[in-house]
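One structure is given here, and the rest of the page talks about it.
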DNA sequence: TCCAATTTGTCAAGGACATAGACAAATTGC
DNA sequence: GCAATTTGTCTATGTCCTTGACAAATTGGA
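Residue numbers (my numbering), protein chains in the order written: chain V, 1 to 391; chain Z, 1001 to 1391.
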């Protein structure tokens, strides 16, 4: 017998959504132009814009002039009306940033990861957020959302991190819940490679395509898949866990099988082992190895070529399964042009329709960017989205 | 300066959609109950139901009784108000069916494929449709949609069939356009394995999961992927073309590479060749080979085991990329329990999180079912969908 | 300098769609 | 036969949107 509060809000919501989207798409714009673009009446636009201005979402910024007729007041998004945090948790560094409704970075920082892991990381996160909020001229309670990128396989439903070899203690707690309770802000937890893919989709190489894969090659290997314009997570959140691809070794070998056949064959450890196997003696890190390659050392060239060959086969397999238009590579190995050029050479020889290959536009900031992209998208949805009630 | 016709239909559309969905979900139902379930007022429901009844979408079917209070008139979907056709084009047979708005099959038939291909197939299709319409007690012009499943790779945008080895002449014409023009009905063309996956999603093993793959193993091999509940097509419509998986041979071998490395290794031709290689002499078809296996012939067992081993590795690769909860197998080879049991044995030895394996519920009718599922879904969308205008 | 043309934005009237609550009609059970 | 219950319509009211008239503001040319 309770009376519902909002009775016919749906029409106004749709109108509001149309107005907001138009302003987002056009930047500074007058009410008359909004009316023309949306097809809604001038009257409706005036009403909606008044409400949005009262609530702080839009602000008047200037006037038109130079054309015949009365000057129009132009409006634009009040970007500061929605601020969100993106955090990229790595095994050695934590990067974090605050962005506004338009995706502008208003504060950014980076610290070393607390090696004790677990709850100590939650403390680091909240300290970082308070510090960033101060730098952005606001306070942490004004922030609407936190997106946290982490290595490991995450349960899509609960956000629980099931497998995370490189960070101690975060698979023991429900990171999303604990962190969200601590800060009193909604928290989204997502795999870091998935976030990197989202970053490329948002403002990187994936901006004009809706079917691509981000392949991270470094100490570990992973993949983020954008298909039909959205992220693919799979049934258990393990989509893109190409460490387990049966390529580069015997799939039935119990050793490689638990560690991941493909990761054992192309990770940085394997690459250095291969280099030593070819007789190389001048590299203890991947950076050394590429330096040796550029100095013309044949054992380095052989190690890189063999890695490229295996990665090309993996991309062929991914291409057969997913048919991406583009594969973006990243990570400490995958962002090296020397390797990527070799991959480009092998690929047409092992698959009839090779996808384009590009190196990540954002380097090691890709996951941070992806977190911001998700945060902006989510804020728009929460604030202006039109949700039909489920029956 | 043209005045738009419909001014504020959106609220009514949403209400109508809610009513239709409620009736779909509940079967025979009274207006009072619809009001309770949707949360809309009795008045609104009466108005909407009146309109829907006038337009033929709903029909009164009876009355409640036995409970205190006035008896209610119950309504249900008038299933015959929307009829659509599903056609499964195979290299030897064409299967076709008409289904109604509820997905009931009201007419079904099967003929041999005209070996001349091309336009002769279009003639076959239109004859089939006229015949089915007659059997269903209607005429072809009353049909709202045709879904055509075909082998080959289809361009997702145009519906053009780019590669179709087993059917002559259909890659030379724009099948969708020609067929649609001939019948004056909208036509959807889709890859047959993708349709089989949709069929399993609609009423088969995929009904309770939104991440699975349908793997077809027969003369050729193919895969249909359902991820996040929707079909994955890829950038060029070639997602799931696992013929080209670099498994079962050297990915860089120019021969296997053009024919498809994986298909060359596990198709029915390869399986029989393998059987002969192991010394088998009693099988010229796959059916013979399985008969030999069931008679205890060791060369048949070896051929099947080797095929199962390769398929298990392929499923491991697919699992690493897509993380499906379930893999459904079909096709003349893939629907044999003897093979699938062997696959089930190999799988846990080559991947740490093996997906469940099931044999297709519909056998060779899976694509036909999938076409009906798509047709029903599409009819619902067209007839009752709520579309927000794009700005 | 003044006026026509143009554009912006508000006002007022009217229509579609929703809700709430009163009430008539129909049915069950005592 | 009557109270209780349920269905479905009627009436009144409110929100949101549209249309068309009109005032306000600006440009450019006579």
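Even for Gly, the Cβ is constructed at its ideal location relative to N, Cα and C. Source: prediction; values computed, not measured.
Open item on the list: Is there a Cβ of chain V sitting closer than 7 Å to that of residue 1188 (chain Z), yes or no?
Closed with: No, no contact with chain V.
- [ ] Output yes if chain Z places a C-beta closer than 7 Å to the C-beta of residue 244 (chain V); else output no.
- [x] At least one CB of chain Z lies nearer than 7 Å to the CB of residue 244 (chain V).
Open item on the list: On a Cα-Cα basis, can you pick out the residue from V:173, V:218 and V:318 that is closest to residue 240 (chain V)?
Closed with: Comparing Cα-Cα distances from residue 240 (chain V) to each of V:173, V:218 and V:318, the minimum goes to V:318.
Open item on the list: Tell me which residues of the stretch 1296–1314 of chain Z have at least one Cβ-Cβ distance to chain V shorter than 9 Å, keeping chain order.
Closed with: Those residues of the stretch 1296–1314 of chain Z placed with their C-beta closer than 9 Å to a C-beta in chain V are 1309, 1312, 1313 and 1314, ordered along the chain.
Task: Residues that residue 230 (chain V) contacts on chain Z, provided the C-beta gap is smaller than 8 Å - done: Neighbours of residue 230 (chain V) on chain Z, chain order: 1228.
Task: Interface partners of residue 374 (chain V) on chain Z, CB under 8 Å - done: For residue 374 (chain V), there are no neighbours in chain Z by C-beta distance under 8 Å, as the nearest C-beta there is about 16 Å away.
- [ ] Spatial neighbours of residue 80 (chain V) within its chain, please: CB distance less than 6 Å, with the 5 preceding and 5 following residues excluded, ordered by chain position.
- [x] So the qualifying residues of the chain are 100.
Task: Under the three-state DSSP convention, the category residue 213 (chain V) falls into - done: Per DSSP, reduced to three states, the secondary structure at residue 213 (chain V) is strand.
Task: Neighbouring residues, chain V, relative to residue 1241 (chain Z) (Cβ below 8 Å) - done: The contacting residues are 320 and 323.
Task: Contacting residues, own chain, Cβ-Cβ under 7 Å from residue 270 (chain V) (five flanking each side not counted) - done: Around residue 270 (chain V): 264.
Task: Distance between residue 185 (chain V) and residue 385 (chain V) (C-alpha atoms, nearest Å) - done: If you draw a straight line from the Cα of residue 385 (chain V) to the Cα of residue 185 (chain V), it comes to about 19 Å.
Open item on the list: Is there a Cβ of chain V sitting closer than 7 Å to that of residue 1012 (chain Z), yes or no?
Closed with: Chain V, which has no Cβ nearer than 7 Å to the Cβ of residue 1012 (chain Z), makes this no.
Task: Sufficient close CB pairs (3 or more, under 8 Å) joining the stretch 1172–1182 of chain Z to the stretch 1312–1331 of chain Z - done: In this structure the stretch 1172–1182 of chain Z does not touch the stretch 1312–1331 of chain Z; the number of beta carbon pairs closer than 8 Å is below three.
Task: Residue interval of the alpha helix (DSSP H) (run including residue 36 (chain V)) - done: Residue 36 (chain V) -> alpha helix (DSSP H) spans 31–38.
TODO: For the stretch 107–190 of chain V, list the alpha helix (DSSP H) runs that are entirely contained and at least 4 residues long, ordered along the chain.
DONE: Entirely contained in the stretch 107–190 of chain V, the alpha helix (DSSP H) runs reaching 4 residues are, in chain order, 119–135 and 175–183.
Open item on the list: Just to confirm, is the Cβ distance from residue 324 (chain V) to residue 238 (chain V) under 7 Å?
Closed with: Against a cut-off of 7 Å, the Cβ pair of residue 238 (chain V) and residue 324 (chain V) comes out as no contact.
TODO: Pick helix, strand or coil for residue 247 (chain V), following the three-state DSSP scheme.
DONE: Here residue 247 (chain V) sits in coil by DSSP.
- [ ] Give a single yes or no on whether residue 1131 (chain Z) has its beta carbon closer than 6 Å to a heavy atom of the ligand NAD.
- [x] Ligands displayed in this structure: none; no statement on the ligand NAD is therefore possible.
Task: Other residues of its chain near residue 1197 (chain Z): CB distance less than 6 Å, five sequence neighbours each side excluded - done: Contacts found: 1214, 1224 and 1226.
Task: Sequence-distant residues of its chain with Cβ nearer than 8 Å to residue 103 (chain V) (five each side left out) - done: In chain order, 202, 203, 372, 373 and 376 place their CB closer than 8 Å to the CB of residue 103 (chain V), counting only its own chain and leaving out the 5 sequence neighbours on each side.
- [ ] Report the neighbours of residue 1032 (chain Z) on chain V: residues whose CB is nearer than 9 Å to its CB, in chain order.
- [x] Those within 9 Å of residue 1032 (chain Z) in chain V number zero; the least Cβ separation is about 16 Å.
TODO: Spell out whether any CB of chain V is found under 7 Å from the CB atom of residue 1211 (chain Z).
DONE: So, interface residue.
Open item on the list: Along the chain, where does the beta strand (DSSP E) containing residue 330 (chain V) start, and where does it finish?
Closed with: Note, residue 330 (chain V): beta strand (DSSP E), 326–330.
Open item on the list: Strictly under 7 Å for the Cβ-Cβ distance: is residue 252 (chain V) near chain Z by that measure?
Closed with: True, the Cβ-Cβ gap to chain Z drops below 7 Å.
Task: residue 1013 (chain Z) (DSSP reduced to helix, strand or coil) - done: Of the three classes helix, strand and coil, the one that applies to residue 1013 (chain Z) here is helix, per DSSP.
Open item on the list: With three or more beta-carbon pairs closer than 8 Å as the criterion, would you say the stretch 1083–1099 of chain Z touches the stretch 1048–1067 of chain Z?
Closed with: Output reads no: the stretch 1048–1067 of chain Z does not touch the stretch 1083–1099 of chain Z.
Task: Exposed unless 16 or more other CB atoms sit within 10 angstroms - verdict on residue 159 (chain V) - done: With 16 or more other Cβ atoms inside 10 Å of its own Cβ, residue 159 (chain V) counts as buried.
Task: Terminal residues of the alpha helix (DSSP H) in which residue 319 (chain V) lies - done: Its alpha helix (DSSP H) spans residues 298–322.
Task: Coarse secondary structure for residue 264 (chain V), derived from DSSP in three states - done: In the structure shown, residue 264 (chain V) sits in a helix (DSSP, three-state: H, G or I).
Open item on the list: Buried or exposed for residue 63 (chain V), going by 16 or more other Cβ atoms inside 10 Å?
Closed with: Per the 10 Å Cβ criterion, exposed.
Task: Cβ neighbours of residue 313 (chain V) in the same chain (closer than 7 Å, five flanking residues each side left out) - done: Closer than 7 Å at Cβ, skipping near neighbours: 247 and 350.
Open item on the list: If you measure between the beta carbons of residue 1346 (chain Z) and residue 1308 (chain Z), is that distance less than 7 Å?
Closed with: Yes.
Open item on the list: Taking CB distances under 7 Å as the criterion, tell me whether residue 1234 (chain Z) reaches chain V.
Closed with: When Cβ-Cβ separations below 7 Å define contact, residue 1234 (chain Z) makes contact with chain V.
Open item on the list: Tell me which residues share the same chain as residue 1267 (chain Z) and place their Cβ nearer than 7 Å to its Cβ, disregarding the 5 neighbours each side in the sequence.
Closed with: For residue 1267 (chain Z), where only same-chain residues beyond five positions count, the Cβ hits under 7 Å are 1219, 1220 and 1221.
Open item on the list: Just to confirm before moving on: does the CB-CB distance between residue 258 (chain V) and residue 249 (chain V) stay below 7 Å?
Closed with: No, the pair does not count as a contact, with Cβ atoms beyond the cut-off.
Task: Buried/exposed call for residue 1029 (chain Z), threshold 16 Cβ in 10 Å - done: Within a 10 Å sphere around the beta-carbon of residue 1029 (chain Z) sit 16 or more other beta-carbons, which makes this residue buried.
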